[in-house]
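Participant:
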Amino acid sequence: MMCAVRGLNRERLLKQPGDFGLVLESFVYNELRKQAVWIEEPLNFYHYRDKDKVEVDVIIENAMGDCFAIEVKAAATLSTKDFTGLKRFQSVAGKRFKIGVLLYDGDHTTAFGDNLFAVPLGALWS
Numbered sequence: 001m002m003c004a005v006r007g008l009n010r011e012r013l014l015k016q017p018g019d020f021g022l023v024l025e026s027f028v029y030n031e032l033r034k035q036a037v038w039i040e041e042p043l044n045f046y047h048y049r050d051k052d053k054v055e056v057d058v059i060i061e062n063a064m065g066d067c068f069a070i071e072v073k074a075a076a077t078l079s080t081k082d083f084t085g086l087k088r089f090q091s092v093a094g095k096r097f098k099i100g101v102l103l104y105d106g107d108h109t110t111a112f113g114d115n116l117f118a119v120p121l122g123a124l125w126s
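To convert, note that position 108 of the sequence shown is 108 in full-length UniProt numbering; the numbers rise steadily by one, no gaps.
1) Does any C-beta atom of chain C lie closer than 8 Å to the C-beta of Leu78?
2) Can you list, in chain order, the residues of its chain whose CB lies under 6 Å from that of Tyr46, leaving out five sequence neighbours each side?
3) Could you check which residue in Lys81, Ala123 and Gly100 has the C-alpha nearest to that of Gln90?
4) Give me the DSSP bridge partner(s) of Glu55.
5) For Ala118, report the span of its beta strand (DSSP E) as first-last.
6) Ignore the nearest five residues each way along the sequence and tell me which others in Glu61's own chain have a CB closer than 6 Å to its CB.
7) For the 8 Å Cβ check, are there 3 or more pairs between the region 102 to 119 and the region 73 to 88?
8) Do Tyr48 and Val37 have their CB atoms nearer than 8 Å?
9) Given Gly94, which residues of its chain have a CB within under 7 Å of its CB, disregarding the five upstream and five downstream residues?
10) Beta carbon of Leu124, beta carbon of Val28: below 8 Å?
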């Protein structure tokens with residue numbers, strides 16, 4: 001629906017990776033919201049951005065205040081720079097931070113630090 005409203009087709013999304021990234025972030029957010037109904041406890045969803053404009057796409061907070069951070073990247077390869085937002089939020093949240101996941105278009109789950117992981121997008125349905 002969002003693609004139709006914005007006039008985005010396959011060719012345009014391939015030529016403009018920024019648009020594809022926004023569509024992918026929205027898709028992941030909506031999938032997480034749908035799956036949240038499977039959990040009996042209430043979950044709150046947030047977006048994180050600090051004064052330096054460092055962002056995390058989705059923060060999920062449970063009733064105990066534990067935070068789970070999710071970043072979405074439309075790329076098959078990653079670098080430590082891609083974890084900037086997750087690391088910043090980890091330092092801000094302190095003990096409330098439980099895990100940071102960077103969902104990406106790759107094939108392997110890889111640790112990128114203390115409770116930070118790169119995970120293939122397909123894990124949303126596993």
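Yeah, the Cβ is synthetic: ideal placement off N, Cα and C, and Gly gets one too.
Facilitator: With the given structure in hand:
1) Although the question refers to chain C, the structure presented lacks it and comprises just one protein chain.
2) Hits under 6 Å: Ile59.
3) Gly100
4) Arg49
5) Leu116 to Pro120
6) Asn44 and Cys67
7) Enough Cβ pairs lie closer than 8 Å, so yes.
8) no
9) none
10) Yes, they are a contact pair.
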